[in-house]
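These notes concern the structure reproduced below.
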Amino acid sequence: MSSAASARGPERTGYSVTDDAPLYAISVAAQLAGLHPQTLRQYDRLGLVTPTRVGGRNRLYSANDVARLCEIADLSSQGLSLEGIRRILELQEEVRILRSRLEEFHREKSSTSLVVWRPQRHR
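Start counting the sequence shown at 49; every next residue gets the next number (my numbering).
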């Protein structure tokens, strides 16, 4: 990519890059996370990380996947088992969902909009 194209950014080129966009091959993702590619394959088999499959075979990892791999590596270095790590990640996701629901509840509760309800008349 030319320097002019990179200066335009993803918005101007028509591409949208998000943290969930599958960008990295397994070797690059492993290097970014400081892990061996075989470790990433094991984490995929165990469901700790779920990269996007391209062509049904090749794994592509997003920035979020790499961040998750780093978190897994950190928890593992602290002595947690893979099953313990899986459970922690599961609970973190549950907390994230519950916080999102709570924020939605607070937005609805503090809303100043007027809700009009008309019961259906039976004929």
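Virtual Cβ for every residue (Gly too), placed ideally from N, Cα, C.
- Per the coordinates, the alpha-carbon of A121 lies some 26 Å from the alpha-carbon of L146.
- For S75, same chain residues with a beta-carbon under 6 Å away, outside a window of 5 residues either side, are P85 in chain order.
- For T87, the enclosing alpha helix (DSSP H) begins and ends at P85 to L94.
- Listed as beta-bridge partners of T100 by DSSP are L108.
- Contact between the region 109 to 121 and the region 147 to 158 is absent, with fewer than three C-beta pairs closer than 8 Å.
- Rounded to the nearest angstrom, the gap between the Cα atoms of T87 and R105 is 17 Å.
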